[in-house]
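Peer 1: Counting with my numbering, you get residues -16 to 592 for the letters of the sequence shown.
Note that beta-carbon positions come from the ideal geometry of N, C-alpha and C, so glycine has one too.
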Amino acid sequence: MDARASELFGSGNGHGSGSQCVASNVKPGSGFGVAPKKACVKNKKIAKARFMSNFKPSNNIPYLPPEAEEGNIEYKLKLVNPTQYRFEHLATQMKWRLQEGRGEAVYQIGVEDNGMLVGLSEEDLRTSLRTLHMLAEKVGADITVLRESDVDYDSDVSRKIAEVLIRKVPDDQQFLDLRVAVLGNVDSGKSTLLGVLTQGELDNGRGRTRLNLFRHLHEIQTGRTSSISFEILGFNTKGEVVNYSESRTAEEICERASKMITFIDLAGHHKYLKTTIFGLTSYCPDFAMLVVSANTGIAGTTREHLGLAMALKVPIFIVISKVDLCTRTTVERTVRQLERVLKQPGCNKVPMVVSSTDDAVAAAQQFAQSPTVTPIFTLSSVSGESLDLLKVFFNIIPPLSNSKEQEELMQQLTEFQVDEIYTVPEVGTVVGGTLYSGICREGDDLVVGPTDSGQFHKLTIGSIQRNRSGCRVLRAGQAATLALVNFDRSLLRKGMVMVSPEMDPTICWMFEAEIVLLFHAKTFHKGFQVTVHIGNVRQTATVEAVYGKEELRTGEKAVVLFKFIKHPEYLKVGAKVLFREGVTKGVGQVTKLQPIAQYQLSQSEYDDA
């Protein structure tokens, strides 16, 4: 654990001769709050005995951040023989922490509420863990001891603290689902690593495990991913891996798992960059995993993919693959190279090399709490070296959004982003995507659009599937495929939205965005055409105006007016914008929309004139 110094005992702490015992809620020297003499002596003796038995005679005492009332982390000094009333109170508290963590909670045993690492004797620790196990059984959860650590205070009795993961059996199959986008240069071993994780068997060194992930014949022939594919890795309530090694179908994995990691396998080759950007912007990944080959280091599109993830503010961690092909010196050189890049002013990241289970546990928690921490794993898909550390990391890593944010999104009107469109035999038209807000159920009536003319069509949801298994209710933030009842596929396209009929969606041809030009060979000016990515929208747009400036150069900021050239789109103020054209790249935020009604009015007035 991260040990930091805290001055808890100063010169006026009552250990000197002639010191006065003062009540904690009264300022010293005020003349009030002086405790009775007997109580004062007794308190001093207890404090001194506790201090002498537990702590080093110094001012440096390790501690964690103070316990927060909200969130899924709970500190407990000890849980030894609680009364029935206390037991019921603890069970209610555990339910609250599980709800805050959307089915997951972390208990620190042997830690006071202010974060001080006190530690417990072996007997008290075992008794506390047994009590925790009974509490978990009462609320329908399982516990996994993540790690135990010795607290060294130079005392005769060894004292320990324990970190425990509580995971609840999912209600109504609403397992916790995290999406991880997989980035990296071509031939860095992305698909092979996913094959090893999801199939449960090591690679033969020639990419055998990645064959199950490819969607097209040319991908199998070249060994290069050109499309977006999805793979799943599950964990049960005890933290054990659930994958295709023991389950034949995705439905079985979903039934047995209480936590699911959905990997979005993206293309590494530069000519498929637009597909990679679409995967990052439209599928709303919680995290990004950048895979770097140990023998080539930072090469090809590695820097570009790192920059894209940072521009879209997706938390990123790094996996150095193929360490079995290199000497330890080569691997260390690649790690140092990555550390230099991450520490540069543009990145400002804190690299954290993971080399043990303790490191993996700490990395998962710090990574979720601080966007600057960047864990680095070194592993091999052939020998299996350090593969277990990555699995521990995935098992522990918590969701970024808490239950309160999830509830707020669910209260809003339904909005589903259309990312994929299929025609399935005997089912009909099926759309895949992410539910941005609201709740979606089988039989719901929605409207989909906008069409080329800015219109919306009515439709009915037939059935819903998450991770290839049936699902009756879809909640905000979840990805799924929806079967539509008797709907013509030709009316659909990627980038559309399916919204509640009560919503009044803002459709526009033109919008303003505050942008930063990341790179451009010459100057960026009016009339320039770029491909714009905003969520699941991907379309060519023309620069109609650059406000306040004639032209833009690399690194400059400005508010720019864009106009789509093919059809109007549904946009929101505040949405992230990423645009590109050849080597030109820029990022920004939508600041103002020009709704289609205003635009059509101006067009009609122009025609009358």
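Whose C-beta lies closer than 6 angstroms to the C-beta of L308 among residues of the same chain, with five residues either side of it excluded?
Peer 2: Closer than 6 angstroms at Cβ, skipping near neighbours: N278.
Peer 1: Sort E184, S483, L115, R231 by Cα distance to V365 and report the nearest one.
Peer 2: It is E184.
Peer 1: Look up I281 in the DSSP assignment and say whether it is helix, strand or coil.
Peer 2: Correct three-state label for I281: coil.
Peer 1: Across which residues does DSSP place G432 in a beta bridge pair?
Peer 2: Per DSSP, V480.
Peer 1: Using a threshold of 8 angstroms, state whether the C-beta atoms of F511 and V573 are closer than that.
Peer 2: Not in contact: F511 and V573 (Cβ atoms no closer than 8 angstroms).
Peer 1: Are the CB atoms of F213 and T245 nearer to each other than 8 angstroms?
Peer 2: A contact, by the Cβ cut-off of 8 angstroms.
Peer 1: Note down the Cα distance separating H550 from G557, rounded to an integer number of angstroms.
Peer 2: When rounded, the distance between both Cα atoms is 21 angstroms.
Peer 1: Expressed to the nearest angstrom, what Euclidean distance is found between the alpha-carbon atoms of L60 and V337?
Peer 2: Their Cα atoms are separated by approximately 28 angstroms.
Peer 1: Go to L467, then tell me how far its beta strand (DSSP E) extends in each direction, as first and last residue.
Peer 2: Residues 462 to 467.
Peer 1: Please name the residue in I144, A124, V94 whose C-alpha comes closest to that of D133.
Peer 2: Checking every option, the nearest Cα to that of D133 belongs to I144.
Peer 1: What first and last residue would you give for the beta strand (DSSP E) that runs through Q327?
Peer 2: Where Q327 is concerned, there is no enclosing beta strand (DSSP E), given that its DSSP letter is neither H nor E.
Peer 1: In three-state DSSP terms, what is H116?
Peer 2: Helix, per DSSP.
Peer 1: Quick check on this structure: which residue in Q461, F376, V410, K387 has the alpha carbon closest to the alpha carbon of Y419?
Peer 2: Considering only alpha carbons, the answer is Q461.
Peer 1: Whole beta strand (DSSP E) runs in the stretch 228 to 289 with 3 or more residues, listed along the chain?
Peer 2: Listed in chain order, the complete beta strand (DSSP E) runs (minimum 3 residues) inside the stretch 228 to 289 are 242 to 248, 270 to 276.
Peer 1: Pairing CB atoms from the stretch 459 to 473 with CB atoms from the stretch 500 to 511, are three or more of them under 8 angstroms?
Peer 2: Not touching, per the Cβ criterion.
Peer 1: On the three-state DSSP scale, how would you describe D341?
Peer 2: Looking at D341 - three-state DSSP - the assignment turns out to be helix.
Peer 1: Quick one: is I548 buried, meaning 16 or more other Cβ sit within 10 Å of its Cβ, or exposed?
Peer 2: Counting Cβ neighbours within 10 Å, I548 comes out exposed, since fewer than 16 surround it.
Peer 1: How is the beta strand (DSSP E) around G178 delimited, first residue to last?
Peer 2: Careful: G178 lies outside any beta strand (DSSP E), inside the alpha helix (DSSP H) at 173 to 182.
Peer 1: For V599, does the count of other Cβ atoms within 10 angstroms reach 16, so buried, or fall short, so exposed?
Peer 2: Because the chain in this structure spans residues -16 to 592, residue 599 falls outside the shown range and cannot be described.
Peer 1: Which runs of the beta strand (DSSP E) fall wholly inside the stretch 491 to 570 and span at least 3 residues, in chain order?
Peer 2: Segments of the beta strand (DSSP E) lying fully in the stretch 491 to 570: 512 to 517, 520 to 530, 540 to 547, 559 to 564.
Peer 1: Considering only residues of the same chain and omitting the five flanking positions on each side of I422, which have a CB-CB separation below 8 angstroms?
Peer 2: Correct list, in chain order: M393, T397, V456, L457, R458, A459.
Peer 1: Please name the residue in I359, R231, M481, G415 whose C-alpha comes closest to that of V430.
Peer 2: Of the candidates I359, R231, M481, G415, the one whose C-alpha sits nearest the C-alpha of V430 is M481.
Peer 1: So is H288 buried or exposed if we call it buried at 16+ other beta carbons inside 10 Å?
Peer 2: With 16 or more other Cβ atoms within 10 Å, it is buried.
Peer 1: From F507, T525, C491, D135, pick the residue whose C-alpha is nearest to that of K575; which is it?
Peer 2: Selected option, being the one with the closest Cα: C491.
Peer 1: Thinking C-alpha only, which one of F158, E391, W79, F70 is nearest H116?
Peer 2: Closest by alpha carbon: F70.
Peer 1: For V566, which of D160, L256, A294 has the nearest alpha-carbon?
Peer 2: That would be L256, whose Cα lies nearest to the Cα of V566.
Peer 1: Within 10 angstroms of its Cβ, does L383 collect 16 or more other Cβ (buried), or is it exposed?
Peer 2: Result: exposed.
Peer 1: Consult DSSP for V24 and reduce its assignment to one of helix, strand or coil.
Peer 2: Residue placement at V24 is flagged as unreliable, the pLDDT there being 38, under the threshold of 50; a coordinate-derived value is accordingly withheld.
Peer 1: Just tell me which of E131, Y68, Y266 has its CA closest to the CA of G415.
Peer 2: Measuring from the Cα of G415, the nearest candidate turns out to be Y266.
Peer 1: For L370, which residues of its own chain have a beta-carbon under 6 angstroms away from its beta-carbon, when the five flanking residues on both sides are left out?
Peer 2: So the list reads L362, once near-sequence residues are dropped.
Peer 1: Please name the residue in F377, L118, N331, I92 whose C-alpha comes closest to that of V302.
Peer 2: The option with the nearest alpha carbon to V302 is F377.
Peer 1: Alpha carbon to alpha carbon, how far is V224 from I92?
Peer 2: Going from the Cα of V224 to the Cα of I92 covers about 25 angstroms.
Peer 1: Could you check whether the Cβ of L148 sits closer than 7 angstroms to any heavy atom belonging to the ligand PLP?
Peer 2: As for the ligand PLP, it is missing from this structure, which has no ligand bound.
Peer 1: In three-state DSSP terms, what is E57?
Peer 2: Note: E57 maps to strand in three-state DSSP.
Peer 1: To the nearest whole angstrom, what separates the beta carbons of R142 and G98, a pair I think is in contact under 8 angstroms?
Peer 2: At roughly 16 angstroms, the Cβ-Cβ gap does not stay under 8 angstroms, so R142 and G98 are not in contact.
Peer 1: If you run the structure through DSSP and keep just helix, strand and coil, what is K151?
Peer 2: Here K151 sits in strand by DSSP.
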